[in-house]
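Structure record follows, encoded as structure tokens.
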Amino acid sequence: MYNFECKMFLGMNSLFEQKALNRYFRSSTHLGGAFCTIFTSLALIVFGKGNIRLAGAAGALALLVSHLQVVLMKKLFPRKRPYMTLKQTKVLHNPLKDHSFPSGHTTAVFSVITPLIVFFPLLALLLIPVGITVGLSRIYLGLHYPSDVLAGMVLGISVGLLSCMVI
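Those letters in the sequence shown? Residues 0 to 166, by my numbering.
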């Protein structure tokens with residue numbers, strides 16, 4: 000299984016030299032970063048009304064809970080990042096040093112978009128591709144294996160759904 004995953008990773012990461020993809024994934028990866036996910040949740044809470052505000056609150060709660068889980072899982076499963084174990088990995092100049100599993104960016108973006116999709120199902124057409132793009136960017140940039148991204152997606156969606164039940 001690990002060999003198959005490495006082949007998938009290297010196939011995606013081998014496209015690193017393509018300028019258009021490089022710009023696209025270097026930009027889109029930030030949609031799962033702390034600033035974008037926190038800002039989105041807070042903006043929905045502050046400026047939204049009704050279900051928009053509820054979706055923002057559920058997203059903020061999911062973001063908080065899932066972040067704690069990501070931190071714990073990175074300690075429990077100290078998986079090295081691909082660029083640390085696969086010599087042919089192409090990576091940015093200042094790569095992350097913490098553990099790889101699960102992808103925090105992917106977890107965060109799915110934690111925030113899941114409540115939005117629950118409250119506004121038509122947004123799935125726009126938001127699911129955004130979440131998938133963030134996950135793919137993490138592989139493309141040499142920072143995560145596909146299973147890191149898949150775990151982040153499952154964690155983010157699960158906590159996002161649970162937060163909708165609580166809010």
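C-beta: ideal position from N, C-alpha, C; glycine also. Just so we're clear, the structure is a prediction, and the values are computed from it rather than from any experiment.
Should residue i and residue j be called a contact, given that it needs their Cβ atoms to be closer than 8 Å?
| i | j | result |
| --- | --- | --- |
| S40 | V111 | yes |
| S27 | S99 | no |
| I166 | L20 | no |
| A57 | S157 | no |
| P94 | G151 | no |
| G159 | T105 | no |
| M7 | P145 | yes |
| L115 | L122 | yes |
Just the C-alpha distance for residue i and residue j, rounded to the nearest angstrom, thanks.
| i | j | result |
| --- | --- | --- |
| D147 | F46 | 34 Å |
| G134 | S102 | 8 Å |
| K86 | S13 | 12 Å |
| V70 | K96 | 14 Å |
| F34 | M164 | 25 Å |
| F24 | Y139 | 7 Å |
| I51 | Y1 | 41 Å |
| L63 | G49 | 21 Å |
| E4 | K79 | 14 Å |
| F15 | P81 | 14 Å |
| M72 | R22 | 30 Å |
| Q68 | L75 | 10 Å |
Nearest to residue i by alpha carbon, out of the options?
| i | options | result |
| --- | --- | --- |
| A42 | L30, N50, M72 and G55 | G55 |
| L30 | Y144, P81 and I127 | I127 |
| M83 | H143, Q17 and G159 | H143 |
| V153 | Q17, F118 and S65 | S65 |
| L60 | K79, L75, K74 and I37 | I37 |
| Q17 | A123, L115, L124 and K89 | K89 |
I'd like the list of long-range same chain contacts for residue i, defined as Cβ closer than 7 Å, with 5 residues on each side in sequence excluded.
| i | result |
| --- | --- |
| P77 | H98 |
| L91 | L140 |
| L190 | For residue 190 there is no data in the structure shown, the boundaries of the chain being 0 and 166. |
| I44 | R52, G55, A56 and A59 |
| G32 | H104 |
Skipping 5 residues on each side, what residues in its chain have a beta carbon closer than 6 Å to that of residue i?
| i | result |
| --- | --- |
| G130 | V108, F109 and I112 |
| T132 | S27 |
Grab me the residues of residue i's own chain with a C-beta within less than 8 Å of its C-beta, minus the 5 sequence neighbours each way, in chain order.
| i | result |
| --- | --- |
| V117 | A54, A57, G159, L160 and C163 |
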